[in-house]
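In full-length UniProt numbering, the protein residues as written are 1 to 239.
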């Protein structure tokens, strides 16, 4: 199986360790990981802000870059949701691409769903002796229906104590430009989320999206909280 890593903009520019951890976990399980070097943005930010022609060009480039892959894996539910759920909307007038768009969406996966639903692996050989709580990112939960997969992976990590998060399905308040345009509302949502995280007594909060974790980590830092934010891939890569 030719598995291509879609690293995403945020991971590429700000959190490269997440991309490295994703590759580490996949290779540990015997997956041949390829990296199309010409890859760029999936177009989600432009799409969400109404710049559809610009987003469509990025979508067409994504299809060109990844169309030959048996599967595409990304450490981001939001970017995968863009490809799977919104590319067909964005490119609905491109009849020549319709079948390719739908087919590529069906074989593009968020990391945890690929591990559990495609590879049928829950124990990936990780060891992480810490108290951890899990935040369910909105796009993964509501767009991709990623629900139990991250929890099953975390439950199989040796030494890890999983602490349930109150309001686990509630948004952290990031939402891309939402956090900029509606800063006060976003901040209020973040405060509630951080309060819930700290109430668990966890040392680490994890999620499947670096965007949510970036937002949460900023709030934790401003409160001088001892809780760390780590991507699920980083925990699964730990040994």
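The C-beta atom is built at its ideal place from N, Cα and C for all residues, glycine as well. As the structure is a computational prediction, the values presented were derived from the model and not from experiment.
- Three or more Cβ pairs closer than 8 Å define a contact, and the segment 162-181 falls short of that threshold against the segment 106-119.
- Under the three-state reduction of DSSP output, residue 196 falls in the helix class.
- For the 8 Å CB-CB criterion, residue 68 and residue 1 do not form a contact.
- For residue 227, there is no enclosing alpha helix (DSSP H), as DSSP marks it with neither H nor E.
- Residue 77 sits close to residue 139, with the two beta carbons spaced by under 8 Å.
- Using a Cβ distance threshold of 8 Å, residue 21 and residue 215 do not count as a contacting pair.
- A direct Cα-to-Cα measurement between residue 4 and residue 72 gives close to 5 Å.
- Taken through DSSP and simplified to helix, strand or coil, residue 158 comes out as strand.
- By the Cβ-count criterion, residue 181 is exposed, with fewer than 16 other Cβ atoms from all chains shown falling within 10 Å of its own Cβ.
- In this structure, residue 31 sits away from residue 19, with a CB-CB distance that is not shorter than 8 Å.
- Three or more beta-carbon pairs separated by less than 8 Å are not found between the segment 123-135 and the segment 87-98, which leaves the two stretches without contact.
- For the pair residue 196 and residue 220, the CB atoms are not nearer than the 8 Å cut-off.
- Beta-bridge pairing by DSSP links residue 132 to 162, 204.
- Under the three-state reduction of DSSP output, residue 2 falls in the strand class.
- The segment 45-125 contains, as complete beta strand (DSSP E) runs of 3+ residues, the segments 71-74, 108-110 (chain order).
- For residue 184 and residue 190, the gap between their C-alpha atoms comes out near 10 Å.
- The DSSP-derived three-state label of residue 191 is helix.
- Sixteen is the threshold: since fewer than 16 other Cβ atoms of the shown chains lie within 10 Å of the Cβ of residue 188, the residue is exposed.
- The C-beta of residue 14 has fewer than 16 other C-beta atoms within 10 Å across all chains shown, which makes the residue exposed.
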